[in-house]
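For the record, in the sequence shown the residue sitting at position 273 is 266 according to this note's numbering, with numbers rising by one throughout.
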Amino acid sequence: MKKTFVLFALCLLVLLGGLIAAVTILHNDRDDIVVTAYDQAGDRSAAQGFTAQQSVRRGSHLRWDLTMDLGTPEESTTEFSYVREAMGGFVEAGPEDLILYLTTDAYGSSAASEGEIAQTEDPWTQMIQDVYQRTPEGELSTENVLLSDYFTYYPLTAHMTLPQRADFTQISWDPDAVTQAFQDFFRFPVVPGDTLPVTIDRTAGDSYTMEHRPGAASPSMETICAMTQEGFFFSFSPTTRPFPSFAEVPGGYGLYWIAAPNGEPHPDSLSCVYPLPEGTYALDLTLTPDGSWLVMTTGTAQGYACTVLDTETMEEVQTFPVPMDPPVCSPAFLTTQDGTLVSYLCYSFEVMPSLAGEDFFCLLAKDSIHLFLLEDGQYIHQFSVPSQEANLQTYRPGGTGLWNGEKLALAKGTDDKPGLELWVYDEEGGLLYHGKYVTSLEEDAKADPDMLEYWENSLYLLERAELTLGWVE
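Shown next as structure tokens:
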């Protein structure tokens, strides 16, 4: 009994020692957070007057609200608070974390099962069942199945990540109903002669493995989204694969809407709210801070433009050109398994994340930055300049910006850890300053090996969208 008590006491002392060490480090960091700037280019004095606000927590109860002076980082201030109720072990996502992934390629995966495949009326299951039946037990078989034997339209799958808690415990929606609504709405006819390679492996007794890849001519597209309090807008951008025909989609190709009050999508509200002319493709969607306008960046064979839409009426407010070279457009061909030749146009559109502030709109292309200022309800071109700041291409999500009347500041958080990366431009687009800012919260923890693992598992930004810029005269 004494030995057991002694062992218990020793374990308790070890635990208390670790807790005391953690509390000591946390207490030392409580009010004296140091912000350090690492200059990358230019003069830091160009950042004078700009501030950044960021909230950080460690564990479930400790929170720091940082106000970083970007011109004089040593004068940054911190407000520390202890939250009695645990904040939970995950990050609250912001609207920019909405992901809608609608694809005809989702069936290009692998799966394993036991025994025979159940008979259903689902054409996909019927196709797999037929190949399974033709594969002798103990053998591996690959067939190029003619898609038109089973499908009139390409099968779609909708994957949706909504801006709620990361563990999805508070989301109340039916993924199958959403997928079915998208399947019924977006009807893309199967290209004649298109086949799907399906492999069934029955070499492991009663178990089987199936592998299936997209058909050669199956359409491909990227999904772009922008979310409001009531729902979200979305559209599709072309890739290097064939873009689908929207001839049988209600309203055709354009901008679509689905209501999602309280983050819960209503599949019956799916509709096309702004059709696009043939040959015009949506590339990016951005909402203004108050959500009243949606700015849609589009591309054609002739060049790029932005269309501003009223989010309540979907009426066009303005369309303005983006001074960039037009995309490379070239004919492309592919051949299906039965020899059918499929031709299509392949566009090399720029990937251009954008940002709409209270009085400006900014496009971040691969090699250039384009700024438009809001004057009397219209966006006016301010500058377009070459830029080699490659990190700006990963600007969104997590980025923010501010125009102070003379300078443009762009900031991006650093991988959900405290600190940021900052760029400051003058009114003609000249880069005045580029710097990286880190805090002693991370530096102090990493300096202590005993706290490193604890640190890496317990530091969170309270909200990824919470990084904001300010200006002090």
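From the three backbone atoms N, C-alpha and C, an ideal C-beta is built for every residue, glycine too. This one's a predicted model, so the numbers in the text were calculated from it and none came from an experiment.
- Just so you know, the alpha carbons of Val344 and Ile217 end up roughly 11 Å apart.
- Residue range Pro168 to Phe178 is occupied by the alpha helix (DSSP H) that includes Phe175.
- Here Leu415 really is in contact with Ala40; their C-beta atoms are around 6 Å apart, less than 8 Å.
- Between the alpha carbons of Ile251 and His259 lies a distance of about 7 Å.
- Taken atom to atom, the span from the alpha-carbon of Ile193 to that of Ile26 is near 59 Å.
- Shown here, Ile121 sits in a helix according to DSSP, grouped into three states.
- Taking the C-beta atoms as reference points, Tyr430 is found nearer than 9 Å to Leu413.
- DSSP places Glu215 in the uninterrupted beta strand (DSSP E) bounded by Met214 to Met220.
- Of all alpha-carbon atoms in Leu460, Gly350, Phe342 and Asp187, the one lying nearest the alpha-carbon of Tyr143 is that of Asp187.
- Listed as beta-bridge partners of Thr281 by DSSP are no residues whatsoever.
- Under the three-state reduction of DSSP, Leu263 is assigned to coil, being neither helix nor strand.
- DSSP places Gln295 in the coil class of the three-state scheme, outside both helix and strand.
- CA-to-CA, the gap between Gly406 and Gly392 works out to about 6 Å.
- Here the C-alpha atom of Ala358 lies approximately 7 Å from the C-alpha atom of Pro346.
- Rounded to the nearest angstrom, the gap between the Cα atoms of Gly423 and Thr135 is 58 Å.
- Taking C-beta atoms as the reference points, Phe226 and Ala219 count as a pair closer than 9 Å.
- According to the DSSP assignment, Ile26 belongs to no beta strand (DSSP E), since it is labelled neither H nor E.
- Looking from the CA of Leu367, the closest CA among Asp360, Ser361, Ala349 and Ser377 belongs to Ala349.
- In this structure, DSSP gives Leu55 an extended state, which the three-state scheme calls strand.
- Checking the DSSP bridge columns, you'll see Asn397 has no partner listed.
- By the beta-carbon neighbour count (other beta carbons within 10 angstroms, threshold 16), Val321 is exposed.
- Shown here, Pro243 sits in coil according to DSSP, grouped into three states, outside any helix or strand.
- Around the beta-carbon of Ser285, fewer than 16 other beta-carbon atoms lie within 10 Å, marking it exposed.
- Leu269 sits in coil when the DSSP states are folded into three classes, being neither helix nor strand.
- By the Cβ-count criterion, Gly131 is exposed, with fewer than 16 other Cβ atoms from all chains shown falling within 10 Å of its own Cβ.
- In this structure, DSSP gives Arg37 a helical state, which the three-state scheme calls helix.
- In chain order, Phe179 place their CB closer than 6 Å to the CB of Val242, counting only its own chain and leaving out the 5 sequence neighbours on each side.
- Distance between Ser377 and His363, taken at the CA atoms: about 4 Å.
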